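Only one structure is covered here, and it is reproduced in the block below.
In UniProt numbering, the protein residues as written are 1 to 611.
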């Protein structure tokens with residue numbers, strides 16, 4: 001007889017333990033009993049601080065990528081560990097400040113509260129705004145003020161560590177000498193037109209020599225030989241029937257695109273109260289101030305007050321006056337959503353009307369493309385079933401609307417289907433014998449592909465590329481001749497010799513620094529220039545021509561010039577800040593090493609799971 005299975009009590013015991021553990025977190029995730037992820041010294045590390053740090057890090061990285069990243073991606077980048085290290089370091093410093101007796105009083109805390117913009121009302125700091133803001137963030141006033149107190153003490157501690165670092169003036173002096181030292185030069189171009197004899201053509205022996213010496217120039221890259229089937233909306237666009245009623249309905253739904261009423265280009269300057277706005281318009285009307293003056297007085301620029309093009313309805317109560325104004329007129333004050341405001345009308349945008357008849361071709365094509373995409377989407381499941389049944393690319397093309405094709409694909413290929421990113425990604429990774437899948441294209445199309453084989457990098461036979469070899473050899477020979485001719489001319493140029501005496505048209509450049517750019521020179525021009533001695537004449541290879549350069553003068557930076565002084569001070573300050581940061585990092589590391597840290601990884605994992 002078969003043995004009976006024993007009851008699996010162990011599994012139920014594990015489930016029970018997990019449920020008991022999770023019960024401690026409360027029904028609202030981590031907002032119940034567990035509020036900390038561990039301790040640093042005598043300071044607790046709150047769940048909320050870790051959550052905020054993790055959110056901030058994810059937002060920052062998402063902004064760098066230009067799209068929201070998932071928590072799984074954040075973990076792959078190690079962002080969760082960065083956030084954890086950040087909050088642990090801050091609590092380490094809080095603990096150290098507490099141990100050293102560094103603290104601030106209630107008056108200093110209130111000063112900080114008063115400076116926070118989100119707590120401001122019409123008359124400055126507003127306690128009700130403060131209370132509501134904390135309520136929305138889930139914090140109590142006591143918690144928030146304790147955080148401010150600790151942050152201020154932490155700042156005092158950091159300032160005490162780094163404030164005594166002097167600026168490294170010797171370093172700044174040396175750097176400003178290097179960066180701002182300048183050169184004055186005379187230079188001219190020598191090219192093929194300056195040659196005294198034509199460059200001979202490439203003989204067969206010369207071609208063979210060049211071909212043997214430069215095989216990479218004539219080697220085809222690795223190619224992936226691919227068979228594919230694809231279908232795009234464009235392929236079946238003409239088969240889509242679009243009723244006139246659908247075109248008219250879409251036109252009416254988007255009538256705002258085709259019928260736009262008159263609009264105005266407008267700027268709006270908002271004031272805190274009606275009296276100030278009326279005083280400002282009176283000054284404009286009296287000719288005492290321009291609109292630009294008013295904007296500047298508020299510490300703004302015109303881009304800060306630009307509303308762009310707006311309709312009469314957008315302007316609300318100011319609409320009639322603005323639309324009746326002439327270009328450049330300032331009207332107001334009128335109430336706006338932000339308070340009393342003056343408006344300047346800058347230009348009239350006339351009414352624009354595109355009729356149904358004019359819009360029909362584009363709308364019909366748009367609807368046809370939508371219908372084609374929908375048709376392809378409806379057909380995709382059937383095509384997937386065919387592939388699952390073992391159909392080849394040729395079978396798919398025979399039994400569906402998909403078109404068959406082959407391509408010898410390299411990363412440089414960008415024609416036809418290779419213009420799509422999705423195809424290039426698939427072509428680069430597909431393996432021979434892999435099961436073909438339907439992959440979406442950006443325009444709503446689909447494709448599938450198989451890898452037939454890989455052609456390794458191949459050196460083309462000389463006879464197949466003889467023309468290219470001859471052209472490359474002649475270009476190289478011509479450049480060698482140009483450089484040789486430039487060297488002959490340069491030998492006749494002395495420190496005080498005019499370039500004109502040797503048949504050149506010189507250019508003079510003065511005050512060139514290591515960061516200067518001279519148009520028409522190669523990338524290594526500055527390094528060559530700053531390696532020269534005064535009076536030296538040098539020939540520089542500029543790819544398809546040569547440059548003859550004479551260094552006329554070396555000038556030390558003017559240490560009395562305001563811009564040089566400012567640059568020197570910036571170099572000194574940057575170096576000082578770097579040294580100070582290094583000192584603080586060393587100090588923080590030392591404090592962390594002697595401060596006991598205890599973290600609950602299970603709680604941290606639970607916080608991560610919420611993301």
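All C-beta atoms, glycine included, are put in the ideal place defined by N, C-alpha and C.
All of these numbers come straight from a predicted model, not from anything done at the bench.
Asked: Cβ pair residue 611, residue 53 closer than 9 Å; Found: no
Asked: Collapsed DSSP secondary structure at residue 103 in the structure displayed; Found: coil
Asked: Reference residue 603, options 492, 425, 84, 69, closest by Cα; Found: 84
Asked: Three-pair Cβ contact test at 8 Å for the segment 109-118 versus the segment 128-148; Found: yes
Asked: Residue closest to residue 488, alpha-carbon to alpha-carbon, out of 570, 64, 538, 311; Found: 538
Asked: Proximity below 9 Å, CB of residue 571 to CB of residue 162; Found: no
Asked: Spatial neighbours of residue 343 in its chain, beta-carbon cut-off 6 Å, leaving aside the 5 residues before and after; Found: 266, 268, 318, 322, 331, 332
Asked: Closest Cα partner of residue 335 within the set 435, 271, 396; Found: 271
Asked: Cβ neighbour criterion (16 or more within 10 Å) applied to residue 361; Found: exposed
Asked: CB contact flag (residue 233, residue 373, <9 Å); Found: yes
Asked: Span of the beta strand (DSSP E), counted from its first residue to its last, around residue 420; Found: That residue, residue 420, is in no beta strand (DSSP E); it is neither H nor E in DSSP.
Asked: First through last residue of the beta strand (DSSP E) which encompasses residue 343; Found: 339-349
Asked: CB of residue 466 within 9 Å of CB of residue 207, strictly; Found: yes
Asked: Distance between residue 524 and residue 607 (C-alpha atoms, nearest Å); Found: 53 Å
Asked: Identity of the residues DSSP links to residue 404 by a beta bridge; Found: 229
Asked: Coarse secondary structure for residue 450, derived from DSSP in three states; Found: strand
Asked: Length of the line joining the Cα atoms of residue 226 and residue 409; Found: 7 Å
Asked: Classification of residue 416 by the beta-carbon crowding that lies within 10 angstroms, buried from 16 upward; Found: exposed
Asked: Beta-carbon contacts of residue 612 that lie in its chain and below 7 Å, excluding the five residues immediately before and after; Found: Past the boundaries of the shown model lies residue 612; the chain is included only from 1 to 611, so the question cannot be answered.
Asked: Distance, residue 492 Cα to residue 485 Cα; Found: 12 Å
Asked: Cβ separation of residue 397 and residue 422, assumed to be a contact under 8 Å, to the nearest whole Å; Found: The Cβ separation is near 19 Å, so there is no contact.
Asked: Pair within 9 Å by beta-carbon distance, residue 235 and residue 365; Found: no
Asked: Cα-Cα separation, residue 293 to residue 109; Found: 38 Å
Asked: Backbone CA spacing between residue 81 and residue 601 [nearest angstrom]; Found: 12 Å
Asked: CA nearest to the CA of residue 463, picked from 395, 592, 218, 97; Found: 218
Asked: Terminal residues of the beta strand (DSSP E) in which residue 218 lies; Found: That residue, residue 218, is in no beta strand (DSSP E); it is neither H nor E in DSSP.
Asked: Straight-line Cα distance separating residue 438 from residue 381; Found: 9 Å
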